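Before any comments, here is the structure.
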Amino acid sequence: MTPVTYARAATIEEAVRLGAAGHRMLGGGTNLVDLMRQTIERPTALVDVTALSDTIEAIEDGGLAIGAAARNSAVAAHPLVRAEYPMLARAILSGASAQIRNMATMGGNLLQRTRCAYFYDPAGSRCNKRDPGSGCDAAGGFNRYHAVLGASEACSATHPSDMCVALAALDARIHVTGPGGARVIPMVEFHLLPGDRPDLETLLEPGEVIVSVKIPPSLAARHSTYRKVRDRASYAFALVSVAAGLVMRDDRIEDIRIAFGGVAPRPWRAFRAEDALRGGPATVEAFAAAAAAEFVDAVPLAGNGFKIALAQRTLAAVLAELAGSAR
Amino acid sequence: MAIRINGVEVAPPEDARISLLDLLREDLHLTGTKIGCNQGACGACTVLIDGERVLSCLTLAAQADGRSVTTIEGLGGADDLHPLQAAFIEHDGFQCGYCTPGQICAAEAMLREIARGMPSYVTPNLGAERIPLSRDEIRERMSGNLCRCGAHNGIIDAILQAAVEPVA
Numbered sequence: 345m346t347p348v349t350y351a352r353a354a355t356i357e358e359a360v361r362l363g364a365a366g367h368r369m370l371g372g373g374t375n376l377v378d379l380m381r382q383t384i385e386r387p388t389a390l391v392d393v394t395a396l397s398d399t400i401e402a403i404e405d406g407g408l409a410i411g412a413a414a415r416n417s418a419v420a421a422h423p424l425v426r427a428e429y430p431m432l433a434r435a436i437l438s439g440a441s442a443q444i445r446n447m448a449t450m451g452g453n454l455l456q457r458t459r460c461a462y463f464y465d466p467a468g469s470r471c472n473k474r475d476p477g478s479g480c481d482a483a484g485g486f487n488r489y490h491a492v493l494g495a496s497e498a499c500s501a502t503h504p505s506d507m508c509v510a511l512a513a514l515d516a517r518i519h520v521t522g523p524g525g526a527r528v529i530p531m532v533e534f535h536l537l538p539g540d541r542p543d544l545e546t547l548l549e550p551g552e553v554i555v556s557v558k559i560p561p562s563l564a565a566r567h568s569t570y571r572k573v574r575d576r577a578s579y580a581f582a583l584v585s586v587a588a589g590l591v592m593r594d595d596r597i598e599d600i601r602i603a604f605g606g607v608a609p610r611p612w613r614a615f616r617a618e619d620a621l622r623g624g625p626a627t628v629e630a631f632a633a634a635a636a637a638e639f640v641d642a643v644p645l646a647g648n649g650f651k652i653a654l655a656q657r658t659l660a661a662v663l664a665e666l667a668g669s670a671r
Numbered sequence: 030m031a032i033r034i035n036g037v038e039v040a041p042p043e044d045a046r047i048s049l050l051d052l053l054r055e056d057l058h059l060t061g062t063k064i065g066c067n068q069g070a071c072g073a074c075t076v077l078i079d080g081e082r083v084l085s086c087l088t089l090a091a092q093a094d095g096r097s098v099t100t101i102e103g104l105g106g107a108d109d110l111h112p113l114q115a116a117f118i119e120h121d122g123f124q125c126g127y128c129t130p131g132q133i134c135a136a137e138a139m140l141r142e143i144a145r146g147m148p149s150y151v152t153p154n155l156g157a158e159r160i161p162l163s164r165d166e167i168r169e170r171m172s173g174n175l176c177r178c179g180a181h182n183g184i185i186d187a188i189l190q191a192a193v194e195p196v197a
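Chains as they are written, first to last, in my numbering: chain F, 345 to 671; chain D, 30 to 197.
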């Protein structure tokens, strides 16, 4: 690890000031401290932002506001999250381990970086995300865990978060503040696709601090779940995951929310599948057709073609479960 | 400010790079806490901060400033075994013993999480106020602590016993 200084921000303003001066924001440290030890991240100054808002509370006109410093386990345990946004509780609980969820913050989870093994191997592998322009060893290498949607020639690394998949499905909004003032970024736009600049991962500008995440209320959020498929039963990153919410009315799908994890460089909101299903019947055939529509442009690599069928089947199974309990 | 470790106040290190794990082992010689993967994958370094289980390898010591840390040495010792330590011995919850301090710290916090109604990924009903302690619940909740000897069944037996025989 290269030498680094440590400071704590007592206010958002202090965090913004230090961020503008080049300090890196430190949440729980579960990702950043690891990346620093591997010398993949080499900040010279850290500002600990875990003393900033960690409140989780209902918004007056509906919805939920979660402070950026709220720990993942606190969010999953919150009665409002469990009752009104079960996909979010289940997504968080499916991620990492209890120890890591106790440490990890809302803001840190949003900003965590890929677990691509080549990204994590500075001594032995080329990686366009770590070292732009150097090449990508995943393309011709072990790419079982890589993306089938939204990838580029430069990078096919997946976004690792479970929580973010639920936030994408729930139309969350990320409230940030920085040297240029405060602004709100829709979750579905927050993470960037790699294109030819996979080193650029979010819309966050230098010095900007995540303040809170707000989630609008919806019936689809209340009737929702999250399913994760992985190589072992627990404590593993997703091969494929699905966050979905479903509302039925007179045997028709009134509202539907779908997002995938493990298949793309960002949490993948499945607008095509949603459009195919909204207003139609909740049948096995409709679920399969909608899933196929979402993956029509999928591009498999040598090792990850199985994800295309796996993701479609997982979606169909999750929707069948939700439709069954909606009747 | 200071870090309170098993009730004793310790000054945080000057070098911000020092992890809580290295502070415990190298500076304070509290070697019960083990260094396994040093990258958050194995759970051997699990300790409690303000009563909650965390990984000391991914915690900078500076982050623990002003907080209270409990290690395996703070839970029990040879002359005053913690009920979980006694249960691990009774049920062969280890072979080499290297992951054991982390397992016991994690289990101690886990039983309190269940008692206050914290759900897990395998909890069927997220709204349940009381969550029954099952082998599946323990497996899921302890998945952050690996045992390369494969003593997991003994570990689950030990935790189940300690859960029904709380500290007097």
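All residues carry an ideal CB built from backbone N, CA and C; glycine is no exception.
Here the structure is a predicted model, which means the values were calculated and not measured.
Item, Value
"Interface partners of F/R421 on chain D, CB under 9 Å", "Note on identity: in this sequence residue 421 of chain F is Ala, with Arg being the wrong assignment. What F/A421 touches in chain D: E142, R145, G146, M147 and P148."
"Within-8 Å CB hit, F/D392 to chain D", "yes"
"Reduced DSSP secondary structure (H/G/I, E/B, other) of F/A389", "strand"
"Cβ-Cβ distance between F/C460 and F/A495 below 8 Å", "no"
"F/I384, DSSP secondary structure in three states", "coil"
"D/L50 vs D/S85 beta-carbon contact at 8 Å", "yes"
"Residue-level contact to chain D via CB, F/S578, 8 Å cutoff", "yes"
"Distance, F/P504 Cα to F/A587 Cα", "14 Å"
"Where F/R657 sits in the DSSP three-state scheme", "helix"
"Per-residue DSSP class, three states only, for F/H519", "strand"
"Neighbour flag for D/S172 against chain F, beta carbons, 8 Å", "yes"
"Proximity below 8 Å, CB of F/T569 to CB of F/E638", "no"
"Terminal residues of the beta strand (DSSP E) in which F/S397 lies", "From DSSP, F/S397 is part of no beta strand (DSSP E); its letter is neither H nor E."
"Nearest to F/G551 (by Cα), restricted to the options F/E385, F/P347 and F/V391", "F/V391"
"Identity of the residue in F/A630, F/V584 and F/I597 nearest F/G608 by Cα", "In the sequence under discussion, the amino acid at residue 608 of chain F is Ala, which differs from the Gly named in the question. Checking every option, the nearest Cα to that of F/A608 belongs to F/V584."
"First and last residue of the uninterrupted alpha helix (DSSP H) at D/I101", "I101 to L104"
"Partners in chain D for F/G373, counting only beta-carbon separations shorter than 7 Å", "L87, T88, L89 and Q92"
"Interface residues of chain F facing D/L155 [CB-CB closer than 8 Å]", "R426, A427, P430, A433 and R434"
"Contact set for F/G406: own chain, Cβ-Cβ below 8 Å, skip 5 residues either direction", "P560 and P561"
"Same chain, Cβ closer than 7 Å to D/S48, neighbours up to 5 away in sequence not counted", "S85, C86, T88, L89 and A90"
"Per-residue contacts from F/D378 into chain D (C-beta, under 8 Å)", "Q68, G69 and L87"
"Partner residues on chain D for F/P347, Cβ-Cβ distance less than 9 Å", "D44, A45 and R46"
"F/A661 to F/A617 span [Cα, whole Å]", "14 Å"
"Own chain, CB closer than 7 Å to F/A402, minus 5 neighbours either side, in chain order", "L408 and L424"
"CA-to-CA distance, F/G525 to D/R168, given in whole angstroms", "46 Å"
"DSSP three-state assignment for D/T129, whether helix, strand or coil", "helix"
"Within-8 Å CB hit, D/A197 to chain F", "Here D/A197 scores only 43 on pLDDT, less than 50, and its place in the model should not be relied on; the value that follows carries that caveat. No, D/A197 lies away from the interface with chain F (no Cβ there is under 8 Å from its Cβ)."
"Test item: CB-CB of D/I78 and D/L104 under 8 Å", "no"
"Coarse secondary structure for F/H367, derived from DSSP in three states", "coil"
"Exposed unless 16 or more other CB atoms sit within 10 angstroms - verdict on D/M30", "exposed"
"Cβ-based burial, F/V492 [other Cβ within 10 Å; buried from 16]", "buried"
"Beta-bridge pairing of D/L89 - partner residues as DSSP gives them", "D/S48"
"Interface residues of chain F facing D/E239 [CB-CB closer than 7 Å]", "What the structure shows of chain D is the stretch from 30 to 197, and residue 239 of chain D is not part of that stretch, so it cannot be assessed."
"Bridge partners - F/M592, DSSP secondary structure assignment", "F/I597"
"C-beta atoms of F/R517 and F/K558 nearer than 8 Å", "yes"
"Beta-carbon separation (whole angstroms), F/Q443 vs D/V83, contact threshold 8 Å", "5 Å"
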